[in-house]
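At position 174 of the sequence shown (counting the first as 1) the number is 203 in the numbering used here, and the numbers step up by one without a gap. Each residue gets a CB set at the ideal place from its N, CA and C atoms; glycine is no exception.
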Amino acid sequence: MKGLIVKDFTYIKNYWKTYLLAIILGIIPTALINYDPNFMLIISMLIIFIISINTFSFDKENNWNKYALTMPVSRRDIVRAKYMLNIIGLLLGSILGFLLSLIGNFFYKIDLDFNNFINILIISMAFFLILSAIDLPTLFKWGTNKGKIVLMIVLFTLIAIIFQIIEKAYNYILNISSIDTIKLNLLIILISILIYFISYKISLYIMSKKEY
Numbered sequence: 030m031k032g033l034i035v036k037d038f039t040y041i042k043n044y045w046k047t048y049l050l051a052i053i054l055g056i057i058p059t060a061l062i063n064y065d066p067n068f069m070l071i072i073s074m075l076i077i078f079i080i081s082i083n084t085f086s087f088d089k090e091n092n093w094n095k096y097a098l099t100m101p102v103s104r105r106d107i108v109r110a111k112y113m114l115n116i117i118g119l120l121l122g123s124i125l126g127f128l129l130s131l132i133g134n135f136f137y138k139i140d141l142d143f144n145n146f147i148n149i150l151i152i153s154m155a156f157f158l159i160l161s162a163i164d165l166p167t168l169f170k171w172g173t174n175k176g177k178i179v180l181m182i183v184l185f186t187l188i189a190i191i192f193q194i195i196e197k198a199y200n201y202i203l204n205i206s207s208i209d210t211i212k213l214n215l216l217i218i219l220i221s222i223l224i225y226f227i228s229y230k231i232s233l234y235i236m237s238k239k240e241y
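Have a look at this one:
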């Protein structure tokens, strides 16, 4: 499985200039027009998420999965590698967002509200895990063409609806209950991980039935 993840990072490395341009065009204008450290985190995670999802396109172009199955690589390994790559991408996006927020706050002379930043980070991680849980099985099932259409529909729908629901539910639970922030954050992460795990099992089933 490690080799499969390295393969995907090799894809990404070959297009690093394009991805760097996407990061610059996606982040800098936003920072200059209406700087918000929380939004910097979210947009960073979104860009890295899209980059990791785009490896499916490279696999299709190179007919990789069919070739990989002639090697000592199982279908389970292929699925597991994609799910692990996505988690790594979210972690890297979080780090990138944190660093950019520090730079932005220094530039605009704003003190970083660390507790609020962590809360937004937890909500963002849950959001992108759920988004991935929906999109990854569609990519394994229908490939990049239909899968990307589903991604765009789901992406804009989730950004408009689910992220707000999670945030409002988060604040509502804090207001009406005695549960502390740490326990609530842990609960949110556990629920999103459970959904992600169920998605992983669905993708395994899809791959087991797929013919190449």
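- For Asp-142, the number of other beta carbons within 10 angstroms of its own is below 16, and it is reported as exposed.
- Looking from the CA of Tyr-225, the closest CA among Met-236, Leu-216 and Leu-160 belongs to Leu-160.
- By the 16-neighbour rule on beta-carbons within 10 angstroms, Gly-32 is exposed.
- Between Asn-91 and Ile-34, the alpha-carbon positions lie close to 16 angstroms from each other.
- DSSP places Tyr-112 within a helical segment (H, G or I) once states are collapsed to three.
- The DSSP-derived three-state label of Ile-147 is helix.
- Exposed is the label assigned to Asp-140, since fewer than 16 other Cβ atoms lie within 10 Å of its Cβ.
- Nearest neighbour of Ala-51 by Cα position, chosen from Gly-172, Leu-119, Ile-72 and Tyr-40, turns out to be Ile-72.
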